[in-house]
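Everything in the sequence shown is counted per the working numbering, starting at 11 for the first residue and increasing by one. The beta-carbon is built from N, C-alpha and C at its ideal position, and this holds for glycine as well.
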Amino acid sequence: MEEEQKLDEKMKGWLYLIRFNPFGLQYARRRYFVLHDHCLKSFKSIPSSPTQEPLRSAIVDSCIRVTDNGRESFNRKVFFIFTVYNTSNHNDRLKLGANSPEEAAMWIRSLQDAAMEPETNSIRRWQPFRLSVSKRTNRITQSVDWTSSASMHNAMMPDVIAPSPWKIFGCQNGLRLFKEAVDNKSSKRQRGGHPAIMAVGVVEGTSEAIFRILMSLGPSRSEWDFCFDSGTVVEHLDGHTDIIHMRLYRHWLPWGMKRRDLLLRRYWRREDDGTYVILYHSVIHSKCPPQEGYVRAYLQSGGFVVSPVNQGNESVVKHMLSVDWKLWKSYLPKTSSKSLTIRMLGRVSALRELFRARAGELSSHELLSREMGSVHLDNYQQAIQETGHIKSTDDSVEETPFSSSSNLTGLNDASDEFFDFPQLSDDEHDWPSESSQHCYVENCDPKMSSTSGFIRKLHDLAVQKKGYIDLQQVSCEINTLYNYGSTFPKDSNCNMPCSWASSDPTSFLVRSKSYLTDQRKHKAKGTLMQLVAADWLKSDKREDDLAGRFGGIVQKYAAHGSPEFFFVINIQVPGKTTYNLALYYMMRTPLGSCPLLERFVNGDDSFRNSRFKLIPYISEGSWLVKQSVGKKACLIGQALEMNYFRGKNYIELGVDVGSSTVARGVVGLVLGYLKNLVIEMAFLIQANTEEELPETLLGTCRLNHMDVSKSISVDSMNI
Numbered sequence: 011m012e013e014e015q016k017l018d019e020k021m022k023g024w025l026y027l028i029r030f031n032p033f034g035l036q037y038a039r040r041r042y043f044v045l046h047d048h049c050l051k052s053f054k055s056i057p058s059s060p061t062q063e064p065l066r067s068a069i070v071d072s073c074i075r076v077t078d079n080g081r082e083s084f085n086r087k088v089f090f091i092f093t094v095y096n097t098s099n100h101n102d103r104l105k106l107g108a109n110s111p112e113e114a115a116m117w118i119r120s121l122q123d124a125a126m127e128p129e130t131n132s133i134r135r136w137q138p139f140r141l142s143v144s145k146r147t148n149r150i151t152q153s154v155d156w157t158s159s160a161s162m163h164n165a166m167m168p169d170v171i172a173p174s175p176w177k178i179f180g181c182q183n184g185l186r187l188f189k190e191a192v193d194n195k196s197s198k199r200q201r202g203g204h205p206a207i208m209a210v211g212v213v214e215g216t217s218e219a220i221f222r223i224l225m226s227l228g229p230s231r232s233e234w235d236f237c238f239d240s241g242t243v244v245e246h247l248d249g250h251t252d253i254i255h256m257r258l259y260r261h262w263l264p265w266g267m268k269r270r271d272l273l274l275r276r277y278w279r280r281e282d283d284g285t286y287v288i289l290y291h292s293v294i295h296s297k298c299p300p301q302e303g304y305v306r307a308y309l310q311s312g313g314f315v316v317s318p319v320n321q322g323n324e325s326v327v328k329h330m331l332s333v334d335w336k337l338w339k340s341y342l343p344k345t346s347s348k349s350l351t352i353r354m355l356g357r358v359s360a361l362r363e364l365f366r367a368r369a370g371e372l373s374s375h376e377l378l379s380r381e382m383g384s385v386h387l388d389n390y391q392q393a394i395q396e397t398g399h400i401k402s403t404d405d406s407v408e409e410t411p412f413s414s415s416s417n418l419t420g421l422n423d424a425s426d427e428f429f430d431f432p433q434l435s436d437d438e439h440d441w442p443s444e445s446s447q448h449c450y451v452e453n454c455d456p457k458m459s460s461t462s463g464f465i466r467k468l469h470d471l472a473v474q475k476k477g478y479i480d481l482q483q484v485s486c487e488i489n490t491l492y493n494y495g496s497t498f499p500k501d502s503n504c505n506m507p508c509s510w511a512s513s514d515p516t517s518f519l520v521r522s523k524s525y526l527t528d529q530r531k532h533k534a535k536g537t538l539m540q541l542v543a544a545d546w547l548k549s550d551k552r553e554d555d556l557a558g559r560f561g562g563i564v565q566k567y568a569a570h571g572s573p574e575f576f577f578v579i580n581i582q583v584p585g586k587t588t589y590n591l592a593l594y595y596m597m598r599t600p601l602g603s604c605p606l607l608e609r610f611v612n613g614d615d616s617f618r619n620s621r622f623k624l625i626p627y628i629s630e631g632s633w634l635v636k637q638s639v640g641k642k643a644c645l646i647g648q649a650l651e652m653n654y655f656r657g658k659n660y661i662e663l664g665v666d667v668g669s670s671t672v673a674r675g676v677v678g679l680v681l682g683y684l685k686n687l688v689i690e691m692a693f694l695i696q697a698n699t700e701e702e703l704p705e706t707l708l709g710t711c712r713l714n715h716m717d718v719s720k721s722i723s724v725d726s727m728n729i
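What follows is the structure, given as structure tokens:
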């Protein structure tokens, strides 16, 4: 009986196929999907029996990847989009939409788990990639239990040990009020005297419901946001980022003070534990100049963090603001700015009371859809009038003709529809640019060129912004020649800007020997490898296999027949100018002394993607960047495209940051603040079995106040 019940466990539910009609306009088609036994099946209605034949089916194996594309709105409806694609054929892809971010996250996790299971390797090896229903019945894909208190608690725990930058200074209306500690030199330098204050409270509502309300700019916002007068979406950059304009009421401001408005870049993401992060900072946009009758305030850093507690029935809401209110009385900025900021943070209390009055049943899907749809509809109608096409914000815009050999495109129900092929505008498209460290402004002039140009522009979102372009063009001295491994200087004391050092491994938490039974993590005791060199490069194209290039540190060791083994991590930020941060870790002991590492080095890409893990940490920097990066471990191979290069004495991991919408949004924020940041990272191979535990760090690094103007052109390398 138990086996029969397990066989019935599967991920299933209604999703929307997001497609293009012959005129290039997006539309959605509702389908019932079932993910079971590594097979994704599509039905027009709920299947009446387990043996009912699907309309279409697709094998989910180790070549399948899933990307989170965020929110999109069309036809007055909001969808949370994710794309399933085949790494061996990028034209083979399927764009799906869910009604809620929770539902989309469950599908993404289930598809990733199915693709990463060890047994899926044999599917690609022995079975052609084609439209067919899998006959295997001995494997089950289970849905994710988001309500498990044990797993949720573990997911919410950070993987970095660091002192809190916040100090409590009061309590008001049931909210705890915090200010940043005075010893945070980086933050103090950035804000120029404008206080950063955070309010923390508990709201009796789910994190998803609170997220929907916070993202809404429609009439329902006036029910809790006493500062809010009106708001619009100026431009939708991608599914996780947009530009919004908000006008503030006058009645809550001091007497005689003019109305204020804010033009913000808004970025959001959802964590695996159900936490939602919404981040804001001020920008300048050509479509929204200063408004008559308003003084434009400057939000240096701000946002919300909504974390589920009490098995998801309640949420801890953190609301942080650092605002320059542009007060005309220069002798009052500290006291007046702090008072206004604290008053605005009181919105958390209003939000709490609203959910309490409605017993948590506040944000309906239909409400949010109507409000978001009305905001974006004008932009879509304008696009139709000007070009005859709706501009897709998905980073995988190109749809290609389906064929009988492609199983994901087969799920598009091609047999009963016109040929789906997107057509884009022929106009030129200039994406937003952002100035350097003090202004963080953007100028946007949205137009389009072609499909290939559109894809290229999307990648440019991750590249350094316009304020840095002049600095990027500072050439190296003519007589200076570099070898690979020598372009990024080391400074163990971290006093020299744009330098690197090794981080303290005890700052990072790794899985203990008993992790499988008690989910406990402990401080890392050391590293398997030593960071011996680094590169900070720029080029007009992606630079791969740096370790294999003649004259570099890796090849010098190989030429002498030295036994040392190198583990190279090449982080690539693509765009008009591609930046490469390469970290060279060296191991003096034989690979066989660490079986898990040896298996990783000599294994296949599927195993590597399922095990390579990064723990990031911003030790110095603004709250905005710290929240965008976080302190949780991430399996990079499941989130980003990875390319592996194996040499005689090395393995190099190429990490393509531009392959993810979420990652591009994070990198876009980080690059704008780069000179003011100290970035720390730890790398490891995840241990999943008792024999592999406890985990050990491969290596750590500390990047001190990096500067894109000091990156070295590949053309100047001595090769």
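Less than 8 Å divides the Cβ of LYS548 from the Cβ of SER721.
Exposure of THR527 is indicated by the presence of fewer than 16 other C-beta atoms within 10 angstroms of its C-beta. Rounded to the nearest whole angstrom, the C-alpha separation of GLU553 and LEU289 is 32 Å. Following the DSSP letters along the chain, one finds GLN648 in no beta strand (DSSP E) but inside the alpha helix (DSSP H) bounded by residues 646-649.
Here PRO605 carries a helix assignment [DSSP, helix/strand/coil]. Inter-segment contact for the segment 578-587 and the segment 611-619 is absent: fewer than three beta-carbon pairs are separated by less than 8 Å. Unbroken beta strand (DSSP E) runs of no fewer than 3 residues, entirely contained in the segment 510-571, are found at 519-521, 531-533 and 540-549, following chain order.
Residue environment analysis places LYS328 among the buried positions, since at least 16 neighbouring C-beta atoms fall within 10 angstroms of its C-beta. Boundaries of the alpha helix (DSSP H) around VAL639: 633-639.
If you check the CB distance, VAL213 and PHE365 come in under 8 Å. Straight through space, the alpha carbons of MET596 and VAL319 are spaced by roughly 43 Å. The continuous alpha helix (DSSP H) containing PHE365 extends over residues 357-367. MET727 is positioned such that its CB atom lies closer than 8 Å to that of TYR492.
Under DSSP, CYS49 shares a beta bridge with HIS46 and ILE69.
Contact between the segment 693-712 and the segment 502-520 is present: three or more C-beta pairs spanning the two stretches fall below 8 Å. Taking all protein chains in view, the Cβ of LYS523 is surrounded by fewer than 16 other Cβ atoms within 10 Å, so the residue is classified as exposed.
Judged by their CB atoms, PHE92 and VAL76 are nearer to each other than the 8 Å cut-off.
If you draw a straight line from the Cα of LEU355 to the Cα of LEU606, it comes to about 49 Å.
MET167 is the residue among MET167, LEU541, ARG103 and SER72 whose C-alpha sits nearest the C-alpha of SER317. The beta strand (DSSP E) runs lying completely inside the segment 233-303 and spanning 3 residues or more are 238-248, 251-258, 269-280 and 286-292, given in chain order. Taking the Cβ atoms as the reference, TYR589 lies roughly 7 Å from VAL718, within the contact range of under 8 Å. For GLY682, the enclosing alpha helix (DSSP H) starts and ends at 671-682. In the structure shown, GLN696 falls within a coil segment according to DSSP collapsed to helix, strand and coil. In the three-state scheme derived from DSSP, where H, G and I count as helix and E and B as strand, ARG598 is classed as coil. Annotated three-state conformation of GLU63 is coil, per DSSP. With 16 or more other CB atoms across the displayed protein chains lying within 10 angstroms of its CB, ASP545 is buried. In this structure, DSSP gives LYS685 a helical state, which the three-state scheme calls helix. Collapsing the DSSP output to three states places LEU121 in a helix.
Beta bridge pairing from DSSP links PRO318 with SER325. Under DSSP, ARG353 shares a beta bridge with no residue. Listed as beta-bridge partners of THR710 by DSSP are ALA692.
Annotated three-state conformation of ASN612 is helix, per DSSP. Non-local C-beta neighbours of PHE179 in its own chain, meaning closer than 8 Å and more than five positions away in sequence, comprise LEU187, PHE188 and LYS189, ordered along the chain.
In the three-state scheme derived from DSSP, where H, G and I count as helix and E and B as strand, LYS336 is classed as coil. Boundaries of the beta strand (DSSP E) harbouring PHE84: 74-84, taken from the DSSP string. In the DSSP assignment, CYS181 is bridged to ARG186.
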